[in-house]
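Q:
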Amino acid sequence: MKKILVATEKPFAAVAVDGIREVVENAGYQLTLLEKYASKADLLAAVADADGLIIRSDKVDAEVLDAAKNLKVVVRAGAGYDNIDLKAATEYGVVAENTPGQNSNAVAELVFGMGVMAARNMYAGTSGFELKGKHLGIQAFGQVGRNVARIAKGFGMDVEAFDPYCPDKVMEEAGVKPLHSIEELYKSNLFVSIHIPATPETIGSIGYDLITLLPKNGVLINTARKEVIDEAGLAKALEARPDLKYVADVRPDTASELEQKFAGRVFFTPKKMGAQTAEANINAGIAAANQVVAFLRDGIDRFRVN
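Heads up: the sequence shown begins at 6 in this note's numbering, then just goes up one per residue.
Below you can see the structure in the form of structure tokens.
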């Protein structure tokens, strides 16, 4: 009998585990749980005889892959997959997948939670401004970006987006104005919401030059990855432009210094919370289970990322 391991340092909700179990056992496979594990050694031991692996933010590197002698597929329950060593997975003959779209509404709603907070001066009791009629720029028009655009329309915002990999027609059909340079996105929108992955091309790509293009009282919202921000450039921009704010679901390495120096103008969640809703937890977990089963049973790898 094939064995599927769910290895989650931060466990799925119980109802999500129940759904995962139902999918796995209905397929005739065995489900094993490794939750809140204390060390990497626990993961290495648990994965030794697994045919399939489901993770959340857990790291799957060459050492884990080497220990997993039977492993054929690993699915990251979520959109981001930079916690999987894709090169090593390919070398070990393991298919790596993500579950795009399952967390997208949860992340998009958080964008507006933080956007409203920034517009209202972090709820400090001082006069802020409304989102209605303001311009919102979306950096990357994937599943999260499209949900951000949908919600922004409800706020009465004007929405623009920059994504060199997305056809203009897709944006236009969503009521979004396509832009064709990153500089134009930052220059023409009071709010910019970042949704790019962390890749060699994007890491450190958002710094002083881009951030200082924002209009007066501009707000930069990051629910993507902390690595895409040049933190020295961010600090320099906030120093040069006392009107700007930065709010993020990804606590920077220099968070303490930024909070001390720019109090009232920056906010960071204590841990990544974009996908931390009951609905997203369930959706991503069950999608991951279905994808593992589909690959092991039928060789389907629609969401393969390596």
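Note that CB positions come from ideal geometry on N, CA and C, so glycine has one too.
It should be emphasised that the depicted structure is a prediction, and the values quoted were computed from it without experimental measurement.
(1) Between Ala285 and the rest of its own chain, which residues show a CB-CB distance below 7 Å, the 5 nearest in sequence each way excluded?
(2) Which of the three DSSP states is assigned to Leu115 in this structure?
(3) How should His185 be labelled, buried or exposed, when 16 other C-beta atoms within 10 angstroms of its C-beta is the threshold for buried?
(4) Only counting the same chain, and skipping five residues up and downstream in sequence, which positions put a Cβ closer than 6 Å to that of Glu40?
(5) Buried or exposed for Gln265, going by 16 or more other Cβ atoms inside 10 Å?
(6) When DSSP labels each residue in this structure, what does Phe273 get in the three-state scheme?
(7) Out of Ala46, Cys171, Ala179, state which residue places its alpha-carbon closest to the alpha-carbon of Ile201.
(8) Buried or exposed for Met6, going by 16 or more other Cβ atoms inside 10 Å?
(9) Ser32: which of Lys8, Ala19, Ala18 sits nearest, CA to CA?
(10) Within this structure, are the beta carbons of Phe196 and Ile156 separated by less than 9 Å?
(11) Which of the three DSSP states, helix, strand or coil, is assigned to Ala12?
(12) So, does the region 125-132 touch the region 298-311, judging by three or more C-beta pairs under 8 Å?
(13) Do the CB positions of Val79 and Ala101 come within less than 9 Å of each other?
(14) Given that a residue counts as buried once 16 or more other Cβ atoms are within 10 Å of its Cβ, and exposed if not, what is Asp235?
(15) For Ala245, decide whether its Cβ has a neighbour in chain B, counting only Cβ atoms nearer than 9 Å.
(16) Taking the straight line between their C-alpha atoms, what separation do you get for Asp90 and Gly138?
(17) Between Pro275, Val28, Val298, Arg151, which lies nearest to Glu178 when the distance is taken from Cα to Cα?
(18) With Glu264 as the anchor, note down where its beta strand (DSSP E) starts and where it stops.
(19) Between Ala145 and Asp168, which are expected to be in contact by the criterion C-beta below 8 Å, what is the C-beta distance as a whole number of angstroms?
(20) At what residues does the beta strand (DSSP E) containing Lys182 begin and finish?
(21) Rank Val29, Tyr34, Ala67 by C-alpha distance to the C-alpha of Lys45 and give the top, closest one.
(22) Report the residue from Asp254, Val233, Leu243 whose alpha carbon sits nearest the alpha carbon of Ala113.
(23) Quick one, are the C-beta atoms of Pro247 and Lys231 less than 9 Å apart?
(24) With respect to the beta strand (DSSP E) encompassing Tyr251, which residues constitute its N-terminal and C-terminal limits?
(25) Roughly how many angstroms separate the alpha carbons of Lys277 and Ile199, rounded to a whole number?
(26) Leaving aside the five residues before and after Ala18 along the sequence, list all residues of the same chain whose C-beta is less than 7 Å from its C-beta, in chain order.
(27) So, at 8 Å on beta carbons, what are the nonlocal neighbours of Asp47 in its own chain, with the 5 sequence-adjacent residues on each side left out?
(28) When you compare only the Cα positions, how much space is there between Gly120 and Phe273?
(29) How is Phe308 classed by DSSP in three states: helix, strand or coil?
A: Quick answer:
(1) Within its own chain, the residues whose Cβ lies closer than 7 Å to the Cβ of Ala285, once the five positions on either side in sequence are excluded, are Gln107, Asn108, Ala111, listed in chain order.
(2) Three-state result, Leu115: helix.
(3) Burial state of His185 is exposed, judged by a 10 Å Cβ sphere holding fewer than 16 other Cβ atoms.
(4) Closer than 6 Å at the Cβ level, and outside the excluded window around Glu40, lie Thr13, Pro16.
(5) Exposed, since its Cβ has fewer than 16 Cβ neighbours within 10 Å.
(6) It is a strand residue.
(7) Considering only alpha carbons, the answer is Cys171.
(8) Taking a 10 Å sphere around the C-beta of Met6, we find fewer than 16 other C-beta atoms and assign the residue as exposed.
(9) A small fix is needed here, since residue 32 is Ala in this sequence, not Ser. With distances taken between Cα atoms, Ala32 lies closest to Lys8.
(10) When the beta-carbon positions are compared, Phe196 and Ile156 stay at least 9 Å from each other.
(11) Reduced to three states, the DSSP call for Ala12 is strand.
(12) By the Cβ rule, the region 125-132 does not count as touching the region 298-311, because fewer than three pairs are nearer than 8 Å.
(13) By the CB criterion at 9 Å, Val79 and Ala101 fall inside the cutoff.
(14) So Asp235 counts as buried.
(15) In the structure shown, chain B does not exist; there is a single protein chain.
(16) About 43 Å.
(17) Measuring from the Cα of Glu178, the nearest candidate turns out to be Arg151.
(18) Premise fails: Glu264 lies in the alpha helix (DSSP H), 260-266, not in any beta strand (DSSP E).
(19) Ala145 to Asp168, Cβ: 5 Å. Contact.
(20) Annotation for Lys182: the continuous beta strand (DSSP E) segment containing it runs 182-184.
(21) Ranked by how close their Cα comes to the Cα of Lys45, the residues Val29, Tyr34, Ala67 have Ala67 in first place.
(22) Per the Cα distances, Asp254.
(23) No; because the gap between Cβ atoms is not below 9 Å, this pair is not in contact.
(24) 250-253 is the span of the beta strand (DSSP E), which, as asked, contains Tyr251.
(25) In a straight line, the C-alpha of Lys277 is about 15 Å away from that of Ile199.
(26) The answer, listed in chain order, is Ala283, Asn286, Ile287.
(27) Take Asp47, set aside five residues on each side of it, and the residues of its chain with a beta-carbon closer than 8 Å to its own are Leu39, in chain order.
(28) Near 12 Å, if we compare the C-alpha coordinates of Phe273 and Gly120.
(29) Phe308 sits in coil when the DSSP states are folded into three classes, being neither helix nor strand.
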